[in-house]
Amino acid sequence: CRVVVLISGSGTNLQAIIDGAAEQQCPYEVCAVISNKPEAYGLARANDAGIETAVVNHREYLDREGFDTALIEVIDRYQPELVVLAGFMRILTPGFVRHYSGRLINIHPSLLPKYQGLHTHQRALDAGDSEHGATVHFVTEELDGGPPIVQAVVPVESGDTAQSLAQRVQVQEHIIYPLAVEWFAEGRLRMACDRAELDGHPL
Ligand code: GRF
10 CRVVVLISGS GTNLQAIIDG AAEQQCPYEV CAVISNKPEA YGLARANDAG IETAVVNHRE
70 YLDREGFDTA LIEVIDRYQP ELVVLAGFMR ILTPGFVRHY SGRLINIHPS LLPKYQGLHT
130 HQRALDAGDS EHGATVHFVT EELDGGPPIV QAVVPVESGD TAQSLAQRVQ VQEHIIYPLA
190 VEWFAEGRLR MACDRAELDG HPL
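Position 26 of the sequence shown, counting from 1, maps to 35 under UniProt numbering, and the rest follow consecutively.
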């Protein structure tokens, strides 16, 4: 299964997906990594792994449509079966989301539907939640609102800061994201009528 990964930053999730691909009999390969930021450290991770990279700098486009059209053009050169958002910090247009419908996934650092948007760790702490976590989901036109695929739950500990909590959540992200990519690559995962299904069963 050909996978293209979109990043904006450090790319620790990208690294976990690259590491997964290196394992024996892994059903997917990362054929390109694309960043909207030229300085994203994840680009170096891709280079180290011998994976092709590209930058589509959002600052060079007048509007979201222009940027997304350019992004689609670059992504589609690699003919991916799955497009993975891994810390990609741009909101995508409905046209982009429709173009990749059912083959576009994201990871969000909260137990969705809780805490869509930013500052999720601080919001979980402020709310006094006893549990927090991360969610892999199919991307639909609703921001952070697409059907969930897999979640990891992390207990909130007394004395946690947004940073300490984020660190523990990330450890779990690095487990569940490659897992979801594998399921998709094995043909076990799909989006049907705005629900995710694994082995034909609704998630
Ligand atoms: C992760 O916390 C992910 O949940 C969110 O952005 C962060 C990306 O981190 N979408 P990294 O670039 O994979 O290290």
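Just so you know, even glycine gets a beta-carbon here, dropped at the ideal spot from N, CA and C.
Contact set for residue i: own chain, Cβ-Cβ below 6 Å, skip 5 residues either direction
i	result
Phe193	Leu91
Pro118	Thr129, Ala143 and Val178
Ala63	Ile43 and Val83
Ala161	Gly142, Ala143, Gln181 and Ile185
Leu198	Trp192 and Leu207
Ala41	Val13, Glu61 and Tyr87
Three-way DSSP call (helix, strand, coil) for residue i in this model
i	result
Asn115	strand
Gly75	helix
Thr21	helix
Thr144	strand
Pro122	coil
Val180	helix
Gly164	A quick correction: the sequence has Pro, not Gly, at residue 164. In the structure shown, Pro164 sits in a strand (DSSP, three-state: E or B).
Pro157	strand
Leu52	helix
Ser173	helix
Asp138	coil
Pro187	helix
Leu101	coil
Leu127	coil
Ala31	coil
Whole-number beta carbon distance between residue j and residue i, since they are thought to touch under 8 Å
i	j	result
Val178	Val159	Wrong, their Cβ atoms sit about 14 Å apart, outside the cutoff.
Ile114	Phe147	6 Å
Thr149	Asp85	That belief does not hold up - the Cβ atoms of Thr149 and Asp85 are roughly 20 Å apart, past 8 Å.
Leu212	Pro122	Contact doesn't hold; Cβ gap of about 14 Å is too wide.
Bridge partner(s) assigned by DSSP for residue i
i	result
Leu15	Ile43 and Leu94
Glu151	Looking at the DSSP assignment, Glu151 forms no beta bridge with any residue, so it has no partner.
Glu61	Ala41
Arg132	Paired residue(s): none; Arg132 is not in a bridge.
Glu206	Arg199 and Pro211
Contacting residues, own chain, Cβ-Cβ under 8 Å from residue i (five flanking each side not counted)
i	result
Glu191	Gly29, Cys35, Pro36 and Tyr37
Ala175	Pro118 and His130
Glu74	Thr102 and Gly104
Arg11	Tyr37, Glu38, Cys40, Tyr87, Gln88, Pro89, Glu90 and Leu91
Ile27	Val39, Arg54, Ala55, Ala58 and Ile60
Arg107	Glu150
Ala100	Inspection of the sequence shows that residue 100 is occupied by Ile rather than by Ala. Only Arg73 and Leu152 meet the Cβ criterion.
Nonlocal neighbours in the same chain, by C-beta distance under 7 Å from residue i, ignoring five residues either side
i	result
Ala25	His183, Tyr186 and Pro187
Gly20	Ala49, Tyr50, Gly51, Arg54, Ala95 and Gly96
Cβ contact check for the segment 148-156 and the segment 165-172: 3 or more pairs under 8 Å
no
At least 3 beta-carbon pairs within less than 8 Å: the segment 124-131 vs the segment 42-55:
no
Could you tell me whether the segment 62-74 touches the segment 25-38, where touching means 3 or more Cβ pairs closer than 8 Å?
no
Is the segment 11-21 in contact with the segment 88-108, if contact means three or more CB pairs nearer than 8 Å?
yes
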